[in-house]
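J.: Listed in order, the protein sequences are those of chains S, V, Y, D, W, B, L and U.
Number 82 in my numbering belongs to position 97 of the first sequence; there are no gaps in the numbering.
Number 125 in my numbering belongs to position 140 of the second sequence; there are no gaps in the numbering.
Number 164 in my numbering belongs to position 179 of the third sequence; there are no gaps in the numbering.
Number 10 in my numbering belongs to position 25 of the fourth sequence; there are no gaps in the numbering.
Number 191 in my numbering belongs to position 206 of the fifth sequence; there are no gaps in the numbering.
Number 163 in my numbering belongs to position 178 of the sixth sequence; there are no gaps in the numbering.
Number 110 in my numbering belongs to position 125 of the seventh sequence; there are no gaps in the numbering.
Number 162 in my numbering belongs to position 177 of the eighth sequence; there are no gaps in the numbering.
8 protein chains.
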Amino acid sequence: ARTGIPEVVFAEHKPLDMLLDIINSHIEEAKPLLVTRLSPKQIKALEDLPMNIDTHARTASYLAKAPANAPKLAIVSAGTSDAPIAREAYVCARFFGLDALLIQDVGVAGLWRLEKHLPTLQEMPLVIAVAGMEGALFSVLGGLLHAPIIAVPTSVGYGVSQGGNAALSSALASCAPGVLTVNIDNGFGASAAAAKILLHAKSRED
Amino acid sequence: ARTGIPEVVFAEHKPLDMLLDIINSHIEEAKPLLVTRLSPKQIKALEDLPMNIDTHARTASYLAKAPANAPKLAIVSAGTSDAPIAREAYVCARFFGLDALLIQDVGVAGLWRLEKHLPTLQEMPLVIAVAGMEGALFSVLGGLLHAPIIAVPTSVGYGVSQGGNAALSSALASCAPGVLTVNIDNGFGASAAAAKILLHAKSRED
Amino acid sequence: ARTGIPEVVFAEHKPLDMLLDIINSHIEEAKPLLVTRLSPKQIKALEDLPMNIDTHARTASYLAKAPANAPKLAIVSAGTSDAPIAREAYVCARFFGLDALLIQDVGVAGLWRLEKHLPTLQEMPLVIAVAGMEGALFSVLGGLLHAPIIAVPTSVGYGVSQGGNAALSSALASCAPGVLTVNIDNGFGASAAAAKILLHAKSRED
Amino acid sequence: ARTGIPEVVFAEHKPLDMLLDIINSHIEEAKPLLVTRLSPKQIKALEDLPMNIDTHARTASYLAKAPANAPKLAIVSAGTSDAPIAREAYVCARFFGLDALLIQDVGVAGLWRLEKHLPTLQEMPLVIAVAGMEGALFSVLGGLLHAPIIAVPTSVGYGVSQGGNAALSSALASCAPGVLTVNIDNGFGASAAAAKILLHAKSRED
Amino acid sequence: ARTGIPEVVFAEHKPLDMLLDIINSHIEEAKPLLVTRLSPKQIKALEDLPMNIDTHARTASYLAKAPANAPKLAIVSAGTSDAPIAREAYVCARFFGLDALLIQDVGVAGLWRLEKHLPTLQEMPLVIAVAGMEGALFSVLGGLLHAPIIAVPTSVGYGVSQGGNAALSSALASCAPGVLTVNIDNGFGASAAAAKILLHAKSRED
Amino acid sequence: ARTGIPEVVFAEHKPLDMLLDIINSHIEEAKPLLVTRLSPKQIKALEDLPMNIDTHARTASYLAKAPANAPKLAIVSAGTSDAPIAREAYVCARFFGLDALLIQDVGVAGLWRLEKHLPTLQEMPLVIAVAGMEGALFSVLGGLLHAPIIAVPTSVGYGVSQGGNAALSSALASCAPGVLTVNIDNGFGASAAAAKILLHAKSRED
Amino acid sequence: ARTGIPEVVFAEHKPLDMLLDIINSHIEEAKPLLVTRLSPKQIKALEDLPMNIDTHARTASYLAKAPANAPKLAIVSAGTSDAPIAREAYVCARFFGLDALLIQDVGVAGLWRLEKHLPTLQEMPLVIAVAGMEGALFSVLGGLLHAPIIAVPTSVGYGVSQGGNAALSSALASCAPGVLTVNIDNGFGASAAAAKILLHAKSRED
Amino acid sequence: ARTGIPEVVFAEHKPLDMLLDIINSHIEEAKPLLVTRLSPKQIKALEDLPMNIDTHARTASYLAKAPANAPKLAIVSAGTSDAPIAREAYVCARFFGLDALLIQDVGVAGLWRLEKHLPTLQEMPLVIAVAGMEGALFSVLGGLLHAPIIAVPTSVGYGVSQGGNAALSSALASCAPGVLTVNIDNGFGASAAAAKILLHAKSRED
Ligand SMILES: Nc1ncnc2c1ncn2[C@@H]1O[C@H](COP(=O)(O)O)[C@@H](O)[C@H]1O
Ligand SMILES: Nc1ncnc2c1ncn2[C@@H]1O[C@H](COP(=O)(O)O)[C@@H](O)[C@H]1O
Ligand SMILES: Nc1ncnc2c1ncn2[C@@H]1O[C@H](COP(=O)(O)O)[C@@H](O)[C@H]1O
Ligand SMILES: Nc1ncnc2c1ncn2[C@@H]1O[C@H](COP(=O)(O)O)[C@@H](O)[C@H]1O
Ligand SMILES: [Mg+2]
Ligand SMILES: [Mg+2]
Ligand SMILES: [Mg+2]
Ligand SMILES: [Mg+2]
Ligand SMILES: [Mg+2]
Ligand SMILES: [Mg+2]
Ligand SMILES: [Mg+2]
Ligand SMILES: [Mg+2]
């Protein structure tokens, strides 16, 4: 919280009782809370709590901030298998108070599917791009848009792209200026940085 | 230029005649130009041209934009050997129209040297951090500041940190939210992204 | 035993009957014994034996040495997920005859949580630091304390920190003097070295 | 020669006398010969021989086959630094009897520069793409063209793209169907395969 | 489809309902469809649909194009464990309209088993070679045949060949001219490129 | 200095004027100073200064602390090529106030050469072991001695041991308890940690 | 068989029916057969056949050659977890007609346990050494014995030794002359080479 | 010497005076000596000594043992650039007392060049194979010959084969039984092991 980002709990590796303790203390004090990386088993244990669960994004949120008049942000994903990470970024962004828009399945193998979204994307102050495989989407967007791009490489893929390193290298080595990168599969991190950029950075400039 | 960033020429691998052609055509048309990654031999060949040469940063610029009333930006570097990359970021940032401030030699081995700069850093909309070795500076800044951090890992170091991969991994795996990364030694890329954030992103938000 | 460290049994890969044979022969002869890396299934099989089981640390001990007047040692861990390895180090240290103190969840993302423990840590002859992700904790402690640090990188993390290599590189490349490293997840090894330092090294010096 | 490809000599690691022996025996027998990967020193030693030297491509050829009515082939390169490898592919292709066309400097950072060549490229039976950095060009071409693409990753780049592995992974993991890959910097190999496809494969089909 | 290759669905990571939607819409419109990388569970769910299921290749196809008078193509595999990938290539090739021939279990450990197939292979316009372990088959075929070779390294193997990297490197570093490579286990990609070569490339040449 | 270790200057990457400034300010104030990793060119520039230069260790020291009644420490090296790093450790240890003993050329290929030193080594509170190649010396010493071992892997070697990673892995994976590791070629780091152990740790224990 | 080694079937990846077919055809023709890498499920399916099953080694043999007057060979393993691979080597060696002797659990952490076996080992024409972790055993044996050593690195270990690469590098980089290596966990390969050396090589020399 | 192999001096990293000391003491005592990995500069310094210098193999020998009635051994190399390592193996083998035969330039790209040597090779008790690039020669020989093969991968190659790892993996993962491996470029090691096999192993068997 001291860094301006509301504390988000990372559920992986957390025993269930510890997780429930954290959640209940937030509900008692009516403090907003977001939990990410929930396993199916953990999700089942939260079903009866007053939380907003997104099975696909593997998140549960409580008292998410309403994004009225919030800064805009587009989250673009390349393929079907990138969807869970793109959704994690989306849920986090809204929780942090951003007016996020989710555009899915516009990967480079079918560049023409991206085209119709370009006018919308050109209006955005910031774009989060989520892609696995060879991650060509990062450079294509970076070469077409004025907005800075936050690249989220995903661990989707097999052979040389298994684990996400091929996509990560593509993001880092991108010859398009303005592409920034977070860790593989780190949808949360992309939106946390986006919030710092669109909320904090702005306030300092004025 | 179409992406809002003035074209910067990357001098590495460019034969001298090609380089001089590009520079002269800009001078003739009085168009601003920045050249990066100049070798000592290339720098010597540019000495008599009306350019602003920074030997340390390995850059030469022509008609750099004056940063009056420009957005602020701090560039923080960890050690003596990170200085050339930090300076490259600094020269690029000023060329892109940002009011950059350079704070050097405040690495983690002597945390107390960083302390006195914290009040200044807390006022910044964005911080570029340049560090090699184990890159602990990225997480320390990310854990202390509200501003988003653009991490530039450097190739400085030996053994496991040779080539910059240890510092790169530290930036990507940072447990502090709001740390974004560019390629190893890519001072240009950090400032290009900073310019897109502080100039473009801002204009879209208003 | 010939190297001054009581033989500790590594349970991984050991068939159950072999494990029980070893344990029973120690009980019969009333010789101290520590077993580490027990699987849940192995732990269940030891439940009725006169052993001290720590499910979290995955250890079982018999006749652990009482640490009266023993040298002090602090074990510091960064996050919730580093806890099992930190506990393994703790159980081993006490078994080896050290007066170990366990301080948990003081990672770099929240540097202020570490601050209040600094006076205690400054009094310690030796500190074991347990951290995954980017392992910035090692350099931060090494830059603040007079004590030598034994770093235990953990395999906790995803993307570039998966498997623990990012944290390991941070420990090895640390620019803070006095940071020594053991293998990823090797809580036992850190405490074995600590015992050699605090018990053997001391006796030779006098 | 038994595999349908005229023997091309790889000059790297070859002592000068051995190289001259090979060349002279071909000239005496008036047999066509291509030498690749010549060092500046080797090139100097060949200056007075009746060979066609291309300093940029680092090749020397003798009696290159005239490409009258030969199958067409486009060789596309991304950036200035990819030029030597693109030229190696070009010289080899013509030596093997293909009507090669060289299109340079159309990388992804400036997608609009590629656009004007698309009609020409759509008419080609085969395209060789030469790119370093993050190699996004391979997927972009693969997603736009009907022709199969032979990707030649280059060792151009720094940080994560140093040595060419990032571009190689992009080629192999490309989500666009029809992208085939050769070793990093292997312009010769791409054209040898192109010749086998356009000359041999065709003859078998008829 | 825009690139001349009928859209093939990659089933991995796809939820069952999404998969069934895609399939049903093709059946309704009587449009040909091929699904690859089906899990056993997904295969069970497709059993009652009017599709051609190949459990071994993990594929299901609908309205596969009849290969009358189609270009020929040989698919050669090295060992028993390479069979599923070889079959994936085979099913894809036939779906794309090629007259594919499957020759299995002719790996290098028993070179004499390959010998009897050489006359057939010498007649082929193109050969797909599927091999794991050390992938010596690629170079052996490349050194014996006039046809271009598309190498498909497989993830079969243990120790240094685990995951397929040893075979992949062998394909890329092959000293035999005319060997082209696709990603590890990418039987589909090899046949997609083969189709582009034998169908598209040919039509452009005429 | 705040961590109890006198500041040692790392000369690599430092311009000569910066280096001379640092040295002269120490001489003026008569403050002890150690410079490591000097290049031959830098060494030449220091020749006329009142410093103690060790060409082999690549160090220059000023006012090194006299080691009267200092704690003992053995530094053991495996082969001729490990000598420079072993000497760097030796010079640093003496500068930090330790009574260091240097035993060279006792690698594992000739175990019998190590034997005659065992009685001396058994008396030591701490042993630094310096080895490249496969680094078997670390485990052999760890399995024979009661003292903790600080392993310094060296970058000496070719093929799989090039750069020092094979020796580093051997140190980290050592099955002998009490082996601690520093970065490849980091003789300074080993002695800095030894000083913290033998000087600081001891003082805290009493 | 053409290479002098009786065909051994590798059971991994083989469907059960294929495996039974191979076995039954050998039993019908009374031809010797060895099957390796059997899964527990496969072993169960072979229980009623007239085969010699070794659950620990994961092998089943039929009509193993009697080793009367056979050449000797020692197989030495380092730790408990290396036992399955050591046994695989042992079963294979006996099947190939060698008089193999198995010496287990003599790793480097307890060098004194190795000592008592040295007289026996000095009499051997060849020694197979099986070790995981850091693989120091290979160099220790190579430095003590006149016999050539075939090193079998095992995948046993965690952290940097996970998967066996640390032990593999130790074998390859060993500074003791006469150490030869096979793939990680390849007990079969070590004994196949031993058989070629002790049976074939010998016959050629006479 | 204690392991049955005469001590061979590795010249790399050795200062000239140390090298001359070693050589002169051997000449004085008339003891045989072999020096490997000599640099051109070191070779020049030895020119006037009574030694047998092989510039190509980078060796100098004194009193090499005469190989009358010695065991035979073939050394086979793949390409021109593998020659120096093949010669190093050859000189070492003769120094160790083996009747070595050198067959060069028979790589897999031209399998037919290997064919004519097969009858000779089938008579050999042992074959050393030297190859870089993708190292297919190891498997091809292993699949054709009864003799055990010692593979020497070379660091020759570029892209994925740079440094020799592709050839090393091919040797280790070879599906042909009887292939043993030494470190990259280690011609000495291959011949040392060959000597232990053909001289020691044999004597123990009788
Ligand atoms: N999906 C996620 N990926 C990475 N970090 C996260 C994620 N969700 C939460 N976090 C971070 O993890 C921290 C909480 O860690 P913990 O104390 O282990 O719950 C939060 O402050 C966030 O910075
Ligand atoms: N130091 C640098 N590092 C990385 N990219 C750079 C650098 N300087 C310039 N560039 C980029 O390189 C492009 C120019 O490449 P080129 O056409 O080869 O000169 C510019 O548009 C920038 O995007
Ligand atoms: N630039 C190149 N890259 C890779 N292989 C090449 C190149 N030029 C020639 N070759 C191959 O190298 C073989 C000749 O190798 P060498 O016998 O060493 O001259 C030729 O038959 C070609 O297959
Ligand atoms: N455990 C093993 N590890 C490696 N290779 C083996 C093993 N067992 C058998 N083989 C080899 O695998 C070949 C048989 O492969 P396959 O035809 O798939 O059964 C045999 O000829 C042996 O060379
Ligand atoms: Mg993608
Ligand atoms: Mg740093
Ligand atoms: Mg941590
Ligand atoms: Mg490119
Ligand atoms: Mg194979
Ligand atoms: Mg060594
Ligand atoms: Mg071991
Ligand atoms: Mg080769």
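Ideal placement from N, C-alpha and C gives every residue a C-beta, glycine not left out.
Given the structure is predicted, the values throughout are model-derived calculations rather than measurements.
#1: Pull out every residue of the segment 156 to 179 of chain S whose Cβ sits closer than 8 angstroms to any Cβ of chain D, in chain order.
#2: In terms of residues, what are the limits of the beta strand (DSSP E) holding Leu19 (chain B)?
#3: Which residues mark the beginning and the end of the beta strand (DSSP E) in which Asn150 (chain B) is found?
#4: Please work out which residues of its chain come closer than 6 angstroms, Cβ to Cβ, to Leu18 (chain S), disregarding the five sequence neighbours upstream and downstream, and give them in chain order.
#5: Can you look up Val(-6) (chain W) in the DSSP assignment and give me helix, strand or coil?
#6: For Pro35 (chain L) and chain W, any beta-carbon pair shorter than 9 angstroms?
#7: Could you name the residues of the segment 130 to 145 of chain U whose beta carbon sits closer than 8 angstroms to any beta carbon of chain L, in the order they occur along the chain?
#8: If you measure between the beta carbons of Ser159 (chain L) and Ala161 (chain B), is that distance less than 9 angstroms?
#9: Quick check on Leu111 (chain V) - is its C-beta less than 9 angstroms from some C-beta in chain S?
#10: Less than 9 angstroms between CB atoms is the rule here; does His(-2) (chain Y) satisfy it with respect to chain L?
#11: If I measure Cβ to Cβ from Leu86 (chain L) and keep anything under 6 angstroms in the same chain, skipping five residues before and after, which residues do I get?
#12: Nearest chain S C-beta to Gly148 (chain W) closer than 9 angstroms, yes or no?
#13: Whose Cβ in chain D lies nearer than 8 angstroms to the Cβ of Leu96 (chain S)?
#14: Closer than 7 angstroms, Cβ to any Cβ of chain V: which residues of the segment 82 to 108 of chain Y, in chain order?
#15: Which of the three DSSP states, helix, strand or coil, is assigned to Asn9 (chain D)?
#16: Mapping the DSSP letters down to three states, classify Thr105 (chain V) as helix, strand or coil.
#17: Counting only Cβ pairs nearer than 7 angstroms, list the residues of chain S close to Ala194 (chain D).
#18: Just to confirm before moving on: does the CB-CB distance between Glu73 (chain W) and Gly172 (chain W) stay below 9 angstroms?
#19: Can you tell me which of the three DSSP states Leu48 (chain B) falls into?
#20: Can you check which of these residues, U:Val20, U:Asn9 and U:Pro(-9), is closest to His(-2) (chain U) by C-alpha distance?
#21: Going by DSSP, what residues sit across from Asp39 (chain L) in a beta bridge?
#22: Looking only at its own chain, which residues have a Cβ that is under 7 angstroms from the Cβ of Glu119 (chain U), when we skip the five neighbours before and after it?
#23: Out of U:Thr40, U:Ala45 and U:Leu1, which one is the CA nearest neighbour of Phe194 (chain U)?
#24: What do you get for Thr105 (chain D), buried or exposed, if any count of 16 or more other CB atoms within 10 angstroms of its CB means buried?
#25: What do you get for Leu157 (chain S), buried or exposed, if any count of 16 or more other CB atoms within 10 angstroms of its CB means buried?
#26: Identify which residue in B:Lys26, B:Gly95, B:Asp33 and B:Lys57 has its Cα closest to the Cα of Asn9 (chain B).
#27: Could you say which of D:Pro25, D:Met109 and D:Val93 lies nearest to His185 (chain W) if we only look at CA atoms?
#28: Looking at C-alpha atoms only, which residue of L:Leu183, L:Ala30 and L:Ala177 is the closest neighbour of Pro192 (chain L)?
#29: If the cut is a Cβ gap below 9 angstroms, which residues of chain D does Ile70 (chain W) touch?
#30: Flag Ala(-14) (chain U) as yes if its beta-carbon sits less than 9 angstroms from any beta-carbon of chain W, otherwise no.
T.: Inspection of the coordinates gives the following:
#1: Ala156, Leu157, Ala158, Ser159, Cys160, Ala161 and Pro162
#2: Residue range Leu18 to Thr21 is occupied by the beta strand (DSSP E) that includes Leu19 (chain B).
#3: Here Asn150 (chain B) belongs to no beta strand (DSSP E); instead the alpha helix (DSSP H) covers Asn150 to Leu157.
#4: His11 and Tyr47
#5: strand
#6: So no, Pro35 (chain L) is outside the interface.
#7: Leu130, His131, Ala132, Pro133 and Ile135
#8: no
#9: Interface residue, yes.
#10: yes
#11: Once the five neighbours on either side are set aside, the close Cβ partners of Leu86 (chain L) are Ala59.
#12: yes
#13: Val125, Gly128 and Leu129
#14: Gly92, Val93, Ala94, Gly95 and Leu96
#15: helix
#16: helix
#17: Summary: the structure shown does not reach residue 194 (chain D), with chain D confined to residues -14 through 191, and so no result is reported for it.
#18: Taking 9 angstroms as the Cβ cut-off, Glu73 (chain W) and Gly172 (chain W) qualify as a contacting pair.
#19: Residue state for Leu48 (chain B) is assigned as coil, using DSSP reduced to three classes.
#20: U:Val20
#21: L:Thr44
#22: Ser146, Ala151, Ala152 and Ser155
#23: Coverage of chain U is limited to positions -14 through 191, which leaves residue 194 (chain U) absent and any answer about it impossible.
#24: exposed
#25: buried
#26: The shortest C-alpha separation from Asn9 (chain B) is found at B:Asp33.
#27: D:Met109
#28: Residue 192 (chain L) is absent from the structure shown; chain L starts at -14 and stops at 191.
#29: Simply none; closest approach about 15 angstroms.
#30: With a pLDDT of only 46 at Ala(-14) (chain U), under 50, the local geometry of the prediction cannot be trusted, and no value is derived from it.
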